[in-house]
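J.: As they're listed, the protein sequences go chains A and B.
Take 0 as the starting number for the first sequence in numbering that gives the first Met the number 0 and just add one per residue.
Take 0 as the starting number for the second sequence in numbering that gives the first Met the number 0 and just add one per residue.
Right, I'll just put the structure down here and ask away after.
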Amino acid sequence: MIKRRDFLKVMGVSGSAALLDACAPSQTEQLIPYLVSPDNIVPGVATYYTTQCRECPAGCGMLAKTREGRVIKAEGNPNHPVGKGRLCIRGQASVQSLYNPDRFRGPLLRDEGGQLRPTDWEQAEELLTSRLGQIKASGDQQRVAWMGRLLTGSMEQLTRRWLQSLGSERLLFYETFHYEPLRRATQIAFDRSELPSYHLQEARFLISFGADFLETWRSNVELMGDFQRMRRARSTERPDNFVHISQRLSLTASNADWWVPISPGAEVPLALAIIHSILEQGLAVPEVESERGWIESLVEPFSPEATQNDTGVEVSSVQELARRFSQASPSLALGGGVSCAGEQAVSLELAVLLLNAVAGNLGKTLTFGIPSALDQLATYQEILDLIQDMNQDKIEVLFLHESNPVFTLPQSCGFAEALEKVPLVVSFSRLPDETTARAHLILPDHHFLESWGDFSPRAGVVSIQQPAMQPVFDSKATGDVLLSVAQKIDGMASEFEHSNYFDWLHAYWDSSIRAQVAAEQSWEEFWPDVLKQGGYFQEVEPVTVSLRDFSTQIRLQPERLEGPEDGHALLVYPSAAFFDGRNANNSWLQEIPDPVTQLVWDGWVEVHPESGREMGLQEGDVVTVTSPHGSVTLPVHLFAGLKAGVVAMALGQGRSGDLRYASGRGDNPMRLLSPGAEPQSGSVLWRSVRVDLAKTGERHQLVSLQARPQDHPRDSLISQKVQDTPFAERIFPSQLSDAASGAEQDTASSHHEPIDFYPPHEHPDHQWGMAIDLDACTGCNACVAACYAENNIPIVGKDRCAQGREMSWLRIERHLHVPPVSQETGLVQPQVTSVPALCQHCHNAPCEPVCPVFATYHNPEGLNAQVYVRCVGTRYCSNNCPYKVRRFNWSASEFPEPLELQLNPDVTVRTAGVMEKCTFCVQRIQAGKNRARREERELGDGDITPACAQTCPAEAILFGDLADPNSRLSQIVENPRGYHLLESLNTRPAITYLKKLVPEKPFDEK
Amino acid sequence: MSSPDASHELSPRLPTTTRFGRVNRDILGTLHPGRLYFAALALCLLGIGWGVWSWTQQVNSGLAVTGLHNPVMWGAYITTFVFWVGIAHSGTLISAILFLFRARWRAAISRAAEAMTVFAVMTAGLFPIIHLGRPWLFYWLIPYPNQRGLWVNFRSPLLWDMFAIGTYFTVSVLFFYLGLVPDLAVLRDNSTGWKRRIFSVVSLGWSGSTREWKHFNSSYLFMAALATPLVISVHSVVSWDFAVAIVPGWHSTLFAPYFVAGAIFSGLGMVLTLIIPARKILHLEEYITSSHLENVAKLILFTSLIVTYSYLIEFFFAWYSENPYEQTVFMSRAVGDYAPLFWLMVVCNCLAPMLFFIPSARRNIALLFVISLLINVGMWTERFVIIAGSLARQFDVTTWRDYGPSWVEWSILLGSLCWFLFWFLLFIRHLPAIPIAEVKEAMLHGSPARNSLTAEGQP
């Protein structure tokens, strides 16, 4: 006989199982409520936890949205100073790394046969304990080493103490993208070995020497927000205030008004020529008067005339650049990324710092005294030393924490080979990678959304990382592993008063943070506030610095490149989506197109079309790229945004191993790099080789989600001038001037009044609408990832992308045209517009009348609603949609276990055969209305934010109520820059686009 | 079949009853075909089976197995749908319009044309269902009071389509059946056993009395008058599927007349394709003579000229409107990616029929057959270029993408062709392919058609 209680227990368990499984589309399941409802969980109501994004070292604040105990979405934490409530594409996609189906399911141990076998935590720790116990007992020093991702705060303290207890000081924080040249340059110039802080929002003119700050450089979300604040403040007469100097038209460069495609190594002469010109024109600030002597003699040989041949920039342009940079005070020059990667890396950073100094930017847009966590990074030299020690059998146990040096270090430096010499390699990685393939023991760490932690990206910002859910797999927090091992080793237990990491963190925050910054508060007062805010934040006052004479320390001899004289300089750049390859197994990031090339699911080598023609290379030709240090085989992508003579490869693809999304795509450029180090800072030489390209004769299909705009001289979504301009001029309509002058009173009104057969729709309560500022949009794709996360959009894979069956509701349409370098100025005006294209929610929607079954209709709130269950799949609506934003479910969507846990329960998972599209996040509209009703108030402007607008780091998207004349949106759509896509069709979209401001005059014209 | 001296039996000098007996025997003789017939039938069944199997693949895995994508959401299926609806047109044209115009030569081919109409609509009707994302819900397009509490959208051309095709099918079937009644009576009289019982029922007790003939003639005239506007309406409505949309290359006021002319053109082509082999195999050369075929060729020439004019005027519209979107589509047709198909279409639909200006070409049976095949190909290509070619080149340049059907689509197309031929084969096996009564009537009246009913060279 089954008892009632047993029955209820069984039902409770199976009920929760049913709930977890309820997202499978074709099954009918019973919904059974919690028997005993857990605290904090109200079914159907989302809970948000403040935490901290650890996808990269930038450390943006994050809110983890959970439903019924599982994280379904990551959003920025608006209280957090880093990111200010926004996340980038990688942050948005972090939920995919949480539920990544390839994650290690538990600890693994390599057996005698060399195979990794599952083991349990007790056994794994036992092994570690015995080995470390021997080392501890023997008293040998420096036998244990730790190489891992950047840690600060409690975890750093724990790791350091733990290693010390084992007699080792070797705690190396390793990040692929380090800032050693900059740190070295600040040391030389200002005697401060720290990265400076930038205040882009206060700058009025910006020059970037290769710093791709909108993608991966430093803290891209924060910098993009600051960049937009800077851009909003510029004048409409002279809207060009950003010049980018690099070899490749990166996403950042494509957002510049002027791009200087410069030869590798010509950056230092150009920077010095600008300084020369500033001094010559008498524009230097008085603060540097005392230093003038050495500066003048330093730049003396680098007059604009003398450097013109090297840099390719005309004298008048250098003078104008110098004039505008120094007169638009404060301005800012950034140096870094792909330009500070060769032998002159430190010299360029020095020149850039000097440029800032003579223009008077020190202490204004460039400050010191707010150390960054990145200052803690190990130098390349320390890593080379470790490799040497490994080779000399000095290292007995090597710990690798969330880093993949086998993949991300130049392969020629021999890390992989040295790893073979280490008797015990312990990896804490969550995912199989090139390094775990050589590890003996794998102790998978929790994902950051599953574990406690803290991180301080810079002084004054200490974020707390809260676990937002129970671990998905049998992983264990590394802190807990360290403490539990310490408990078991003789003589170590006494040094660690806590047996689990949470207690350790607690104690650290109590003693090291509360006691110092809020001693007057009790722990009970302090802690809840920290959790609520997402950390502890305070302003840190910058310090003043003084410039030192570094004229003897700057290397002025030209950069040398290794390799064949007739080869092409190789440029290796960070991937905007995969960072250094750590995100490569993330299906959203693979499927969301690369922001510049629009290619998906692939790796490639970029070749300038000119060079391609010379070498007889076509798009998709597979080539072997050979440097003196190695070779890779990749398909060619012809890309006009390159300096002639340069070929470029992104780091990130080419992952080996058993990764279902990343394996077998492209190749790893680190195979080509030299093992040498930059002479002054000792950093990795990212730009030091020339490569040969040899055709293999094979072809490889590169898939782009959009036709190349250069295929046809018509770019219809940018501006609505098509009917008025002659055919040849339609490529890039001038964007502001005609709007401001009223010439843009376009098609609809200049021809005739729009004629509507049917009476207009009525919107008694709300009429939802959107404004998208194309001037602010950088094309970073964060909104696309947010849309994938919010709306359960399935990925389809490369083959279906090639067939045109991608499911993204929101795509960034990129109109990119790279004109040839201007003969008069030596500059390029990149003609790039990113148009986020999503359902326009038209008032006269062409999709609506053609649907025979009313599956799509105009709802009373102005939404173009799509009823999935009603849809029979005639697809007529999609044919009739001029914006092509409707997506058809060609087949049933798949969410490999456990990715289905990420699905948003507020949004239907669509079945095969139905049409879908952007809903303006109707579930968020409903949630906003519910919240207002619960709080017994009217729905206010800004109460509702769709996922795309929520995350946009450039704040380019505004959602609101057009029926409310006082809403911010209603004000903004009156802007003279506003236009609708394909206005002449009289679809009357609910989305207003604001045109991009582009300079009308040549750069050197005053 | 006919005896060696049988040709004399058609001589007007002989008593009418003798000649009528010969007609009965000749035409009913077609109902006993040989081994080749069954082989063809088996092939058709095989083709249908292959098509059905392919379709189950599509239903199981979704439309991913087709070549369709964003933005070309309609492709081979809708092309084939329009193609078969077009084919269906000449049946009614020949039966109804030519009947009203008293073009008596039509009698010889009218039955086959009517049957073709019915089967073509039956084939066409499959495609809107096959092409649905969720075909099992096709009945949601039918407005009837239901528990779902939902209704259909009468603003959607797809709904108009359903009504137009439904009406056309109903009227075509009725018209076909009405014309068959006297012949069914002949069948009844010439059959025995269970067949005779069935024919007794379906021939509605026809006895051939004057009163019956009087009513028959007036109701036939009435049905003809009813069917005539449908020739215009059906394909006009089908064309509105496209013309009502805003897709460049579709959105045109020209579409209704353009499609109707094209439909008649393609239907006549299909009539020739079917009848030329049939008259050979069934030994009906004496009933369907080359002068009948010549008349069809003349009609083909006429409709071809209309179609050619439509092609030209479409380009004129694009040029004159200065609409860049429209221009892009037509540039892509004329010199772009769709140019090979476009020029194939021009050769088949415009240039090849021009040969019919030459009288000897119209009388060359082999040439007629070849050109009729070209017209079938050309008209399918025309619809493909209009549908897929326009969808592939819409407003937003960055969404352009070309389309080609997948093996599943080709298989279903093949299956549908077999389905059509299957019905046609059943038809010529079980029903007289030539209207016996009308042939007799023509002989009796001694109308110009009479000469064509007798062997060439007869006085």
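Note that beta-carbon positions come from the ideal geometry of N, C-alpha and C, so glycine has one too.
Would a check of beta-carbon distances place residue 891(A) closer than 9 Å to chain B?
T.: Yes, its Cβ sits closer than 9 Å to a Cβ of chain B.
J.: Just to confirm, is the Cβ distance from residue 68(B) to residue 400(B) under 9 Å?
T.: It is a contact, given that the beta carbons lie within the stated cut-off.
J.: Using a cut-off of 8 Å between C-beta atoms, extract the partners of residue 989(A) located in chain B.
T.: Result: empty, since nearest Cβ-Cβ is about 18 Å, beyond 8 Å.
J.: Would you call residue 700(A) buried or exposed, if buried means 16 or more other Cβ atoms sit within 10 Å of its Cβ?
T.: The residue is exposed, with fewer than 16 neighbouring Cβ atoms inside 10 Å.
J.: Is the beta carbon of residue 144(A) less than 9 Å from the beta carbon of residue 389(A)?
T.: Contact: yes.
J.: Any chance the stretch 363–370 of chain A sits against the stretch 318–333 of chain A, with 3 or more Cβ pairs inside 8 Å?
T.: The answer is yes - the stretch 318–333 of chain A touches the stretch 363–370 of chain A, with three or more Cβ pairs under 8 Å.
J.: Taking the continuous beta strand (DSSP E) assigned at residue 64(A), which residues delimit it?
T.: Element bounds for residue 64(A): 60–66.
J.: Could you check what DSSP says for residue 354(B) in three-state terms: helix, strand or coil?
T.: Three-state DSSP puts residue 354(B) in a helix.
J.: Rounded to a whole number of angstroms, what is the C-alpha to C-alpha distance between residue 599(A) and residue 779(A)?
T.: Each residue's alpha carbon lies about 14 Å from the other.
J.: With H, G and I counted as helix, E and B as strand and the rest as coil, what does DSSP make of residue 960(A)?
T.: Three-state result, residue 960(A): strand.
J.: State the CB to CB distance for the pair residue 263(A) and residue 341(A), rounded to an integer number of angstroms; the pair is presumed to be in contact (CB under 8 Å).
T.: Correct: roughly 6 Å between the Cβ atoms.
J.: Any Cβ of chain A within less than 9 Å of the Cβ of residue 24(B)?
T.: Chain A, which has no Cβ nearer than 9 Å to the Cβ of residue 24(B), makes this no.
J.: Can you tell me whether residue 945(A) is buried or exposed? The criterion is at least 16 other CB atoms within 10 Å of its CB, across all chains shown.
T.: When all chains shown are included, residue 945(A) counts as buried.
J.: Roughly how many angstroms lie between the CA atoms of residue 126(A) and residue 405(A), to the nearest whole one?
T.: Their backbone Cα atoms lie some 24 Å apart in a straight line.
J.: Pull up the distance between the alpha-carbon of residue 69(A) and that of residue 650(A), whole angstroms please.
T.: So the two alpha carbons sit approximately 32 Å from each other.
J.: What residues in its chain sit with their C-beta under 6 Å from that of residue 315(A), if we drop five residues either side in the sequence?
T.: So the list reads 1003, once near-sequence residues are dropped.
J.: Buried or exposed for residue 209(B), please, with buried defined as at least 16 other CB atoms from any protein chain shown within 10 angstroms of its CB.
T.: By the 10 Å Cβ count, residue 209(B) comes out exposed.
J.: With a threshold of 16 other CB atoms inside 10 Å of the CB of residue 39(A), please say whether the residue is buried or exposed.
T.: Exposed.
J.: Which residues, in chain order, does the stretch 52–85 of chain B contribute to contact with chain A at a C-beta distance below 7 Å?
T.: Going along the stretch 52–85 of chain B in chain order, one finds 60, 61, 62, 63, 68, 69, 70, 72, 73 with a Cβ nearer than 7 Å to chain A.
J.: Based on the DSSP secondary-structure assignment, which residues constitute the bridge partners of residue 991(A)?
T.: Paired residue(s): 770(A).
J.: Count the other CB atoms, across all protein chains shown, that sit within 10 Å of the CB of residue 781(A); report buried if there are 16 or more and exposed otherwise.
T.: Counting Cβ neighbours within 10 Å, residue 781(A) comes out buried, since at least 16 surround it.
J.: Can you look up residue 730(A) in the DSSP assignment and give me helix, strand or coil?
T.: Any reading at residue 730(A) needs caution, since the residue's pLDDT is 29, under 50, leaving its predicted position unreliable; the model's value is listed next. Three-state DSSP puts residue 730(A) in coil, outside helix and strand.
J.: Let me know if residue 365(B) comes out buried or exposed under the rule of 16 or more other beta-carbons within 10 Å of its beta-carbon.
T.: Residue 365(B) is exposed by the Cβ-count criterion.
J.: Using a cut-off of 7 Å between C-beta atoms, extract the partners of residue 156(B) located in chain A.
T.: Chain A residues near residue 156(B): 849.
J.: Mind checking which residues open and close the beta strand (DSSP E) that includes residue 689(A)?
T.: Unbroken beta strand (DSSP E) run through residue 689(A): 689–698.
J.: Anything in chain A within Cβ reach of residue 48(B), meaning under 8 Å, just list it in chain order.
T.: Per Cβ cutoff of 8 Å: no residues; residue 48(B) is ~24 Å from chain A at best.
J.: Please report how far the alpha carbon of residue 738(A) lies from the alpha carbon of residue 920(A), in whole angstroms.
T.: With a pLDDT of only 35 at residue 738(A), under the threshold of 50, the placement of this residue in the model should not be trusted, and no figure is reported.
J.: Quick check: the stretch 670–683 of chain A against the stretch 550–570 of chain A, are there 3 or more CB pairs under 8 Å?
T.: Touching, yes, given that three or more Cβ pairs across the two stretches are closer than 8 Å.
J.: Going along chain B in order, which residues have a C-beta closer than 7 Å to the C-beta of residue 807(A)?
T.: Near residue 807(A) there are no residues of chain B at all, since even the closest Cβ is about 11 Å away, more than 7 Å.
J.: I'd like to know if residue 120(B) contacts chain A, where contact means its C-beta is closer than 9 Å to some C-beta of that chain.
T.: No - not a single Cβ of chain A is within 9 Å of the one on residue 120(B).
J.: Interface residues of chain A around residue 244(B) at Cβ under 7 Å?
T.: Those are 849, 878, 879, listed as they occur along chain A.
J.: Verify whether the separation of the beta carbon atoms of residue 300(B) and residue 356(B) is less than 9 Å.
T.: Yes; because the gap between Cβ atoms is below 9 Å, this pair is in contact.
J.: Would you say residue 857(A) faces chain B, with C-beta separation under 9 Å as the test?
T.: So, not an interface residue.
J.: Please name the residue in 277(A), 313(A), 64(A) whose C-alpha comes closest to that of residue 326(A).
T.: With distances taken between Cα atoms, residue 326(A) lies closest to 277(A).
J.: Should residue 137(B) be flagged as near chain A, meaning a C-beta pair shorter than 9 Å?
T.: Yes, because at least one Cβ of chain A sits closer than 9 Å to the Cβ of residue 137(B).
J.: Could you check the C-alpha separation between residue 864(A) and residue 151(B) for me, to the nearest Å?
T.: For residue 864(A) and residue 151(B), the distance between alpha carbons rounds to 16 Å.
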